[in-house]
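See structure below.
Number of protein chains: 2
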Amino acid sequence: MQMSDQPVIRPFDDADSAHLWALLKPVFRAGETYAIDPAISERDALEWWSKGTHRAFVAEAQGKVMGSYYICPNQQGGGAHVCNCGFVTGAKAQGRGIARAMIAHALETARATGFRAMQFNCVVETNTRAVALWQRNGFEIVGRLPGAFRHPEQGYVDALVMYRML
Amino acid sequence: MQMSDQPVIRPFDDADSAHLWALLKPVFRAGETYAIDPAISERDALEWWSKGTHRAFVAEAQGKVMGSYYICPNQQGGGAHVCNCGFVTGAKAQGRGIARAMIAHALETARATGFRAMQFNCVVETNTRAVALWQRNGFEIVGRLPGAFRHPEQGYVDALVMYRML
Chain L
5 MQMSDQPVIR
15 PFDDADSAHL
25 WALLKPVFRA
35 GETYAIDPAI
45 SERDALEWWS
55 KGTHRAFVAE
65 AQGKVMGSYY
75 ICPNQQGGGA
85 HVCNCGFVTG
95 AKAQGRGIAR
105 AMIAHALETA
115 RATGFRAMQF
125 NCVVETNTRA
135 VALWQRNGFE
145 IVGRLPGAFR
155 HPEQGYVDAL
165 VMYRML
Chain A
5 MQMSDQPVIR
15 PFDDADSAHL
25 WALLKPVFRA
35 GETYAIDPAI
45 SERDALEWWS
55 KGTHRAFVAE
65 AQGKVMGSYY
75 ICPNQQGGGA
85 HVCNCGFVTG
95 AKAQGRGIAR
105 AMIAHALETA
115 RATGFRAMQF
125 NCVVETNTRA
135 VALWQRNGFE
145 IVGRLPGAFR
155 HPEQGYVDAL
165 VMYRML
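So the protein sequences, as listed, match chains L and A. Read the first sequence against our numbering and you will find it ends at 170, with the numbers running on by one and no gaps. Read the second sequence against our numbering and you will find it ends at 170, with the numbers running on by one and no gaps.
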C-alpha cells in the first residue's frame, strides 16, 4: 500500500483487473475518446489493454489505483521503433498529478525500451484536454484525419495523429 | 480458370495460400514497404493478411493469382467507419492493370461495406511508386511521421499517412 500523495507507478498485475476495469469502463462506454467498441466486454477490454504486445502499468496514490497506461510498438518490422500508448485516469485522479506522473513514466519506459518516438494514432479533436496535454508534453499534431471519428453526440469529427521524438 | 487478360478479383480462399505467400514473401522479406517483421513465418503472414478483421481478395489473370489485397476497419468503435487496406502485386503483374483493377475493387468493396473513408497508416516515403499511385487514386497525404520507418538500406525515413473519403 502506497500511502503518500505521490503517485507510484508499477506494472499492472492481474490482481488489479477490477480496479483497471473501473477506470476503463466509463471511458469506453462513453465512446467519446477511444476508438474502441463502446460495448466491449470487461474481459476483452482488459485483454486489449494489458496483454499481447501491450505492457500495462498502474498509478497508485493513497493505496488506490487511480490511473493506468499501456505501451506497445505502434507497428512491426521497420516501424517497431515507434511506440503507442494509451492512458486512463479516474475521476478521483484530478489534480493529483497522476496523469503527469504516468506520462513521465511512459516516456522513460519508452526510452529505456529503445523506442525512438511515441505516436498517438487517433486523438479525437473534441478531446481538447488531451490534445493540449500532449502538446504540453512535446507532442506535435503531424496529421489530421477528416471525419475519422464518430462522436456519439457531435457526429463525425476529425482525429489527430500526434507524435514526438524521444 | 480465368483465361482472359482482364483480371478477375474474387475472395481469397485458403486454397490460394501458396500463391498468396509467393506474392507476400519477397515483399515482407525485403522489409522496405510494409511495417511487418521481415522474418515473419508463412503461417503468420497468411493469417495476418486474410483472417481476423481482414477480408482478403485475390486478382487472377490468365489463370494465375497475380495480386491480392485485404480490407479491414482501421479502428474500432467510433473509428470503425474508416477502412485500411493492404495491396501486393507480383513481378509478373506489371503492366497488366492488376493494381488498377484491385484498387477499383477495393474502393467499391469499401463503399458497399459502408465505410466512409480509406486510410493508409504507414506509407514509406521512399516507396515513391506507391505514394504516386495513391495520389493518382484520390488519396491525400494527411500526415508525415518523422523517421517512423527504418528502411534496411536508407535508414530512418518518414512514413506518410494517406487518406481519402469514399
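Even glycine gets a Cβ: it sits at the ideal position worked out from N, Cα and C.
Restricting attention to beta strand (DSSP E) runs no shorter than 3 residues, the segment 47 to 106 of chain L encloses them at 59 to 65, 68 to 77 and 86 to 93, ordered along the chain. Going by DSSP, GLN139 of chain A is part of the alpha helix (DSSP H) stretching over 132 to 140. Note that the segment 150 to 167 of chain L does not touch the segment 23 to 43 of chain A; fewer than 3 beta-carbon pairs, one per stretch, sit closer than 8 angstroms. Looking from the CA of PRO77 of chain L, the closest CA among L:GLN123, L:ILE40, L:THR37 and L:ASP41 belongs to L:GLN123.
Straight-line spacing of the CA atoms in GLN10 of chain L and ARG148 of chain L works out to 36 angstroms. Below the 7 angstroms Cβ cutoff, chain A contributes ALA39 and CYS126 as neighbours of GLN79 of chain L, in chain order. Boundaries of the beta strand (DSSP E) harbouring PHE153 of chain L: 144 to 155, taken from the DSSP string. With fewer than three CB-CB distances shorter than 8 angstroms, the segment 100 to 117 of chain A does not count as touching the segment 59 to 79 of chain L. Beta-bridge analysis with DSSP links ARG168 of chain A to A:MET122. Rounded to the nearest whole angstrom, the CA to CA distance from HIS109 of chain L to GLY99 of chain L is 17 angstroms.
When the alpha-carbon of MET106 of chain L is set against those of L:ALA60, L:TRP25 and L:ASP48, the nearest one is in L:ALA60.
The beta carbon of TYR73 of chain A lies closer than 6 angstroms to those of PHE61, CYS89, PHE91, MET106 and ALA110 in the same chain, with the five residues before and after it left out. Under DSSP, PRO15 of chain L shares a beta bridge with L:PHE61.
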